[in-house]
Every structure is written in structure tokens, then in C-alpha cells.
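Each protein sequence line maps, in turn, to chains R and F. For the first sequence, the residue numbers in the numbering used here are -13 to 180. For the second sequence, the residue numbers in the numbering used here are -13 to 180. Remarks on the structure that follows.
2 protein chains.
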Amino acid sequence: MNIGIFIYRDAEVLDFSGPFEVFSTASRLCGTESPFSVFLIAEGSEAVTARAGYTVVPHYSIDDHPPLDVLIISGGVHTQQMTNEKILAWVKQQSEYVKLTATVCTGIFILAQAVESLSCSVTTHWEDINDLKAMFSRLDVIQGVRWVDEGSIVSSGGISAGIDMSLHLVSKLHRENLAVKTARQMEFAWVRSA
Amino acid sequence: MNIGIFIYRDAEVLDFSGPFEVFSTASRLCGTESPFSVFLIAEGSEAVTARAGYTVVPHYSIDDHPPLDVLIISGGVHTQQMTNEKILAWVKQQSEYVKLTATVCTGIFILAQAVESLSCSVTTHWEDINDLKAMFSRLDVIQGVRWVDEGSIVSSGGISAGIDMSLHLVSKLHRENLAVKTARQMEFAWVRSA
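Shown next, in the form of C-alpha cells:
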């Protein structure tokens, strides 16, 4: 299963490195029968400077990545992506193609901007709840939860909540026992209920 | 205060991105009076492929970084560093110079290998407790804790425990209230007692 994490300039570091750690650790624990292949995708193929000057090299650009099963959109300073027509078109196209689209933190703003028909329950960082409600009145924005699972759309709260959501996705897409073992390997106190 | 995080080939992704997120978020919350400058340091200046193919560009090499106040050594596949004389000499020299040396996960193996006189209480990933005891009998290896604070040497358990330890360091090096605010910003359930 191919898990693509979308990153961009000033994306929040833990929003993408947390889910990357979860899916890569889960795969490592399965040895040769690794259920997930996880990689970072950016608009171009050059290195991306995420928030606070943390520079990471994407595995693929939006023009050359393998077919995705899951798209994860990280949060951070997402504002530039909200008017980037190339990114919005790619997110819309991918969200129609993949099994599941997930967002971390303010990544939901990008997904909601790209997919006009999106009108389910979602969440985001506690600081951005009111902005999300104001900007997208068609969404049912839920506060005070680690993540919201609406089937093919799963959104998480801020920053570290993306780790809890990713463990939930391991459980949902593969099996619960692997998510439990992954959390134990990461010494992470997984909040299993949303 | 300059916080340098040492990374290397096959370092564990969350071991360095977690502490980076903590110190950079703590700084951001302080606005213009940012107490910390956090950066990644590698042996060379070229991009480093950490575990599972995650490639990050260090801010500095061990030959050109600014003077450090705190050195954080990440864990992961640390074995190659255990016989890397250039790295061991640099770690020893830095540990004598800085206010505080911290380790995440198996980073303690590198520190103990570099500093022969190290003989305090430490911890590591639960999977590596017995190896650490067997390899360094002069250390008092403690199991089942998030971190161990021995004044100028602070070591954490595995992977995500590095986030708890980093929040503790924000509290210790600056003030507790900033650590609480940082954990809240990260939506992280900080385990405040070791």
C-alpha cells in the first residue's frame, strides 16, 4: 500500500515526520511482508524547507510519484497552497483516486479548498477551529478530539495528533495488533479512541 | 541558546524531528525573544538519509557549526558511529564544552562510547536496556522511565520519549510555563515526571 505524504514550504515538521515514523516503523515490524511503503511528495523534486528551516528532500514530485492508496496532507503554514492551482488540482485528482485521504493539523484547509464537494465532519488544530468553521461552513468542524474518521476522509488535530491518527490508520488499513506494536516500538502513548 | 542535534545515516526520524519540533515551537511561541536556536549537525554537509529513506539536509557539519550550549544525540542504527573515530572525538570534545548533553533512544550508546568517564544513571529504548548494561557496566541503566536527568547528562527512552525529554529540557533551560505552552501547541500529552 503506497502512503504519500504531501509536504511544502513551511509545512510543520512533526506533521509529516510523525506519520512517516508510524508507517515506516509499522512496516519494519512486519519484516519482509511490509504492508506499507511511505514517502514524501512535494510540488517539485528539489529539497523543501519546512518550518523553522528544516530542509527535507522529497522522494517524489506531484508529477512523478507512484499511484497512491493513501494521501496524507500535512499542516503548517498552509496559506500559500490555498491559491496554488497546480497543487489544488493535484489534491482534488488524488482524493478522487485514493482509498483514503487524511489530513494533519491545518492540512484540512488545503483539502477543503481543493475539493468543493467535501462536506463531512472534520477536525484541525485547536487554534484554527474557528477559522475553519468560518471559511468552510459546509464542514461539520469538531473540537476536542484527536481525529475524526469519516470513512475515506480522516482528519486529525494539531501536530502530534497526526501520530495518533496514523496509528489509527495502521489499525484500519492493516490490523489493530500492528498499530499496538508500532506504538510500543515508538514508546508512544497512543490515544486509541478518537 | 544553541541546540545542536546530531544526526547520521539511518538515524531514527522521530529521534531528531521530535526534539527539533519542540525547540522550534518553543522559540516560535516566544516571538522575537526566542530563547533557542535549534539545528541539525551531521559529519559532513551533504544530505543525510535517515531511517527508511528519509533524507534531510543538515544545517551544519561537525567541522563548521556554531558553539553549542546543548548537544542532543539521536538514536537509530547507531552501530556505524560506534567505531567512527572522528565522530567519537567530536562527541567527547562537545560533551566537555556544552552545558548539557542529551541522548534520545540508542544515542546513549554513542555518548558512552565517546566518553569513557561517563558513569551516571541513564536510560534507552526498552529493547536495548540489556545491551546497554552488558556493554557499559559502569552505567546505572534505568528501565521504565521516560528520561533520566543527571544534571549535565540527560537521556531518554525510545523514539517519542525524546519529545517528553525535550519538553523537560525547555522547562529546565528556560521555564516550565514555556514547556507547558509548547506541549499544548503540539497537542502533545507531555509526561512531565520522568
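Every residue, glycine too, gets a C-beta built ideally from N, C-alpha and C.
{"Query": "Cβ pair count under 8 Å reaching 3, the stretch 84 to 96 of chain F against the stretch 105 to 114 of chain F", "Result": "yes"}
{"Query": "Beta-bridge pairing of Asp126/F - partner residues as DSSP gives them", "Result": "Ser107/F"}
{"Query": "Simplified DSSP assignment, three categories, for Ile73/F", "Result": "helix"}
{"Query": "Buried versus exposed, by CB contacts within 10 Å (16 or more), Tyr(-6)/F", "Result": "buried"}
{"Query": "Spatial neighbours of Lys119/R in its chain, beta-carbon cut-off 7 Å, leaving aside the 5 residues before and after", "Result": "Val127"}
{"Query": "First through last residue of the alpha helix (DSSP H) which encompasses Asp117/R", "Result": "Ile115 to Met121"}
{"Query": "Residues that DSSP places opposite Asp135/F in a beta bridge", "Result": "Val140/F"}
{"Query": "Three CB pairs or more closer than 8 Å across the stretch 30 to 43 of chain R and the stretch 30 to 42 of chain F", "Result": "yes"}
{"Query": "Whole-Å CB distance - Thr89/R paired with Ser141/R, under 8 Å assumed", "Result": "5 Å"}
{"Query": "C-beta contact flag for Glu29/R and Ile59/R at 8 Å", "Result": "no"}
{"Query": "Which listed residue (Gly4/R, Ser103/R and Met172/R) has its alpha carbon closest to that of Ser81/R", "Result": "Ser103/R"}
{"Query": "Those runs of the beta strand (DSSP E) which lie wholly inside the stretch 19 to 47 of chain F and span at least 3 residues", "Result": "23 to 28 and 41 to 43"}
{"Query": "Partners in chain R for His154/F, counting only beta-carbon separations shorter than 7 Å", "Result": "Correct list: empty, because the minimum Cβ distance to chain R is about 15 Å."}
{"Query": "C-beta neighbour in chain F for Ile96/R, strict 8 Å", "Result": "no"}
{"Query": "Closer than 8 Å to chain R by CB, Leu74/F", "Result": "no"}
{"Query": "C-beta neighbour in chain R for Glu173/F, strict 8 Å", "Result": "yes"}
{"Query": "Cross-strand partners of Gly(-10)/F (DSSP beta bridge)", "Result": "Phe25/F and Leu57/F"}
{"Query": "When Val134/F, Ala100/F and Gly143/F are compared against Phe122/F, the one with the closest alpha-carbon", "Result": "Ala100/F"}
{"Query": "For Ala(-3)/F, three-class secondary structure by DSSP", "Result": "strand"}
{"Query": "Limits of the beta strand (DSSP E) - the one that Thr89/F falls within", "Result": "Leu86 to Thr89"}
{"Query": "Exposure label - Ser157/R; buried when at least 16 CB within 10 Å", "Result": "buried"}
{"Query": "The alpha helix (DSSP H) enclosing Phe94/R, as first and last residue numbers", "Result": "What sits at residue 94/R in the sequence shown is Ile, not Phe. Segment Gly93 to Ala100, the alpha helix (DSSP H) holding Ile94/R."}
{"Query": "Close beta carbons around Glu113/F, own chain, < 8 Å, minus the five adjacent residues each side", "Result": "Gly144"}
{"Query": "Glu162/R versus Asp150/R - alpha carbon distance", "Result": "13 Å"}
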